[in-house]
Amino acid sequence: MGKSVINTMPHKKVLLPAILNYFPQQYLIGESLKFFHKKIILDNLYISDNFIEENIFLLSEKTDAALAEYKSSIHEGTLKLMIIQYSDDDTARIAFDDVIKL
Numbered sequence: 020m021g022k023s024v025i026n027t028m029p030h031k032k033v034l035l036p037a038i039l040n041y042f043p044q045q046y047l048i049g050e051s052l053k054f055f056h057k058k059i060i061l062d063n064l065y066i067s068d069n070f071i072e073e074n075i076f077l078l079s080e081k082t083d084a085a086l087a088e089y090k091s092s093i094h095e096g097t098l099k100l101m102i103i104q105y106s107d108d109d110t111a112r113i114a115f116d117d118v119i120k121l
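Numbering (the numbering used here), first residue to last: 20 to 121.
Here it is, written out as structure tokens:
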């Protein structure tokens, strides 16, 4: 989606967020790659039977996050990959510890 928006902009001078470069292209489903900052966006993108009320990933204006879907060459259905970049190591560690506790 981000790339298609850039193609409509004059002079194509807009840079995509660097975090998007970490996503492998192999098996990536079309325009499934989404960039966001806050938990409410994650909640809208990733609807699950296991809804988590708390903001365990500590998403905020200071985090860069992205989510993409991939076709599996082994399993039926799709797989999701989420990458979060934190502004500091302490926040990343706290979020990691909170996720592990699930």
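For each residue, glycine too, the CB sits at the ideal point set by N, CA and C.
Only a predicted model underlies this, so the values are computations on that prediction, with no experimental measurement involved.
Nearest-angstrom Cβ-Cβ length linking residue i and residue j, presumed shorter than 8 Å
i          : j          : result
residue 84 : residue 61 : 7 Å
Whether residue i touches residue j by CB criterion (8 Å)
i           : j           : result
residue 86  : residue 53  : yes
residue 59  : residue 114 : no
residue 42  : residue 102 : yes
residue 106 : residue 82  : yes
Among the options, nearest to residue i - alpha-carbon criterion
i           : options         : result
residue 88  : 120, 48, 57     : 48
residue 95  : 33, 46, 38, 40  : 46
residue 121 : 100, 36, 73     : 73
residue 36  : 65, 104, 57, 71 : 104
In DSSP terms, what residue i is bridged to
i           : result
residue 55  : 84
residue 60  : Answer is none; residue 60 lacks a bridge partner.
residue 97  : 90
residue 103 : 84
residue 47  : 89
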